[in-house]
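S.K.:
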Amino acid sequence: MKTIGVLTSGGDSQGMNAAIRAIVRTGLDEGFRIMGIYGGYKGLIDGNIKELFATDVSDRISRGGTFLKSARCLEFKEEAGILKAVETCKKFGIDGIVVIGGDGSFRGARDLTLHGIPCVAMPGTIDNDIVCSEYTIGFDTAVNIVVDLVDRLRDTSSSHNRCSVVQIMGKNAGWVTLEGGIATGATCILVPEVEFDFQRDIVDRIEAGKKLGKDSFIVMVSEGVFFNVKTNKNYQYIVDNDLDNPTKIAKAIEKATGVESRETILGQVQRGGSPTARDRIVATEMGNYCVNLLKKGISNRVVVMKDEKVVDYDIVEGLNMEKPFNIERLRMANSINI
3 MKTIGVLTSG GDSQGMNAAI RAIVRTGLDE GFRIMGIYGG YKGLIDGNIK
53 ELFATDVSDR ISRGGTFLKS ARCLEFKEEA GILKAVETCK KFGIDGIVVI
103 GGDGSFRGAR DLTLHGIPCV AMPGTIDNDI VCSEYTIGFD TAVNIVVDLV
153 DRLRDTSSSH NRCSVVQIMG KNAGWVTLEG GIATGATCIL VPEVEFDFQR
203 DIVDRIEAGK KLGKDSFIVM VSEGVFFNVK TNKNYQYIVD NDLDNPTKIA
253 KAIEKATGVE SRETILGQVQ RGGSPTARDR IVATEMGNYC VNLLKKGISN
303 RVVVMKDEKV VDYDIVEGLN MEKPFNIERL RMANSINI
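Those letters in the sequence shown? Residues 3 to 340, by our numbering.
(1) What residues are listed by DSSP as bridge partners for V101?
(2) Counting only runs that start and end within the stretch 266-337, where is the alpha helix (DSSP H) found for 4 or more residues in a row?
(3) At which residues does the alpha helix (DSSP H) containing I47 begin and terminate?
(4) Under a three-way DSSP split, which group does C91 fall into?
(5) Helix, strand or coil: which one does DSSP assign to M3?
(6) Output the distance between the C-alpha atoms of K298 and V100, rounded to the nearest integer angstrom.
(7) Secondary structure at R109, three-state DSSP: helix, strand or coil?
(8) Taking a contact to mean a Cβ-Cβ separation below 7 Å, would you say I170 touches T158 in this structure?
(9) In chain order, what residues of the same chain have a beta carbon less than 8 Å from the beta carbon of L295, not counting five sequence neighbours either side?
(10) May I have the straight-line CA-CA distance separating T186 from K71, to the nearest angstrom?
(11) Who pairs with E53 in a beta bridge, going by DSSP?
(12) Check whether the Cβ atoms of R273 and I63 sit closer than 7 Å, and answer yes or no.
(13) How do the stretch 47-58 and the stretch 84-93 stand: do at least 3 beta-carbon pairs fall below 8 Å, yes or no?
(14) Less than 8 Å between C-beta atoms, sequence neighbours within five positions excluded: which residues of the same chain meet that for V145?
(15) Could you check if Q201 is buried or exposed, using at least 16 other CB atoms within 10 Å of its CB as the buried criterion?
(16) Helix, strand or coil for V168, going by three-state DSSP, please let me know.
(17) Count the other C-beta atoms from every protein chain shown that fall within 10 angstroms of the C-beta of I329, then say buried if there are 16 or more, exposed otherwise.
(18) Which two residues bound the contiguous beta strand (DSSP E) that contains S224?
(19) Look up L180 in the DSSP assignment and give the residues it is bridged to.
(20) Please list the terminal residues of the continuous beta strand (DSSP E) segment that includes L192.
(21) Considering only the beta carbon of each residue, do M124 and M288 sit closer than 7 Å?
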């Protein structure tokens, strides 16, 4: 193996640039040529590829996003798209690829490996929803951004004796909402993995807070609560009770408690900004690990975090693992946060 490609795919996350930097620097140190694939799998199909040198990743470690750009590519899900990508690899002399992204990106890496292009993958997503990894790069930064923004909301909510209903990103997983809710002392934390009841888990908790003298409240809701997917245990409940968006939840809270309520959707800002030290370090470790796997001739692996150590699994094995939601942490938050 002489030439390694690197691409970022799916939603961007803080720490991706740090990972690319580690891949480029490690690869060059090991004597590889490194090719940057711009625009994810679409860039691989289209041949949007450029050789990367050490200077190309200078000062990237502190930058959010991904300078290689990222995109979702429906064409790559078809056999014809995969074959085009294989031909592009041959054209540019790419012998192996490091893929940074989510589980869909991992499946792409598996498909390329099955078609003769050795790949390894590593998790880059703020959602922390990769079943085979305890941690995904971008998660810590996203949680810290949520904490900063919700702290600001709390200031204005307190000034006006309001309840703020805050929608948090995370796709089908509630990890960002859970950890952000713990760190901000949110009155209510609603996630798709755990069933909730409007009266018990929102109204009663707000009323209990009022009895303690509280006059403002934070209700944090994972966006996954509103998605019609099998992993969401609340979808039918929110539809039946007309609570299927944060605006409706805020109005229902105001009607039930008399507390003026406003909704806030944090949105894409959670993906931006300079990565935290943790995300930079984990991204660097994983990127280095990926290159060393390819150096050893090992592919079709996903590089993940297990017991605070970087390890690797077969991609198919990793995709079939389970990652139970930490209900005990939610119970802890509910016992402390009123």
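Don't be surprised by glycine CBs; every beta carbon is placed ideally from N, CA and C.
M.R.: Taking the geometry as given:
(1) The partner list for V101 (beta bridge, DSSP) reads L9, A123.
(2) 279-297, 317-321
(3) It spans 42-48 - the alpha helix (DSSP H) in which I47 sits, taken as one unbroken run.
(4) helix
(5) coil
(6) 14 Å
(7) helix
(8) no
(9) V122, S301, R303, V305, D314
(10) 32 Å
(11) M37
(12) no
(13) The stretch 47-58 is in contact with the stretch 84-93.
(14) V178, E181, G182, A185
(15) exposed
(16) strand
(17) exposed
(18) 219-224
(19) Beta-bridge pairing links L180 to no other residue.
(20) 190-192
(21) yes
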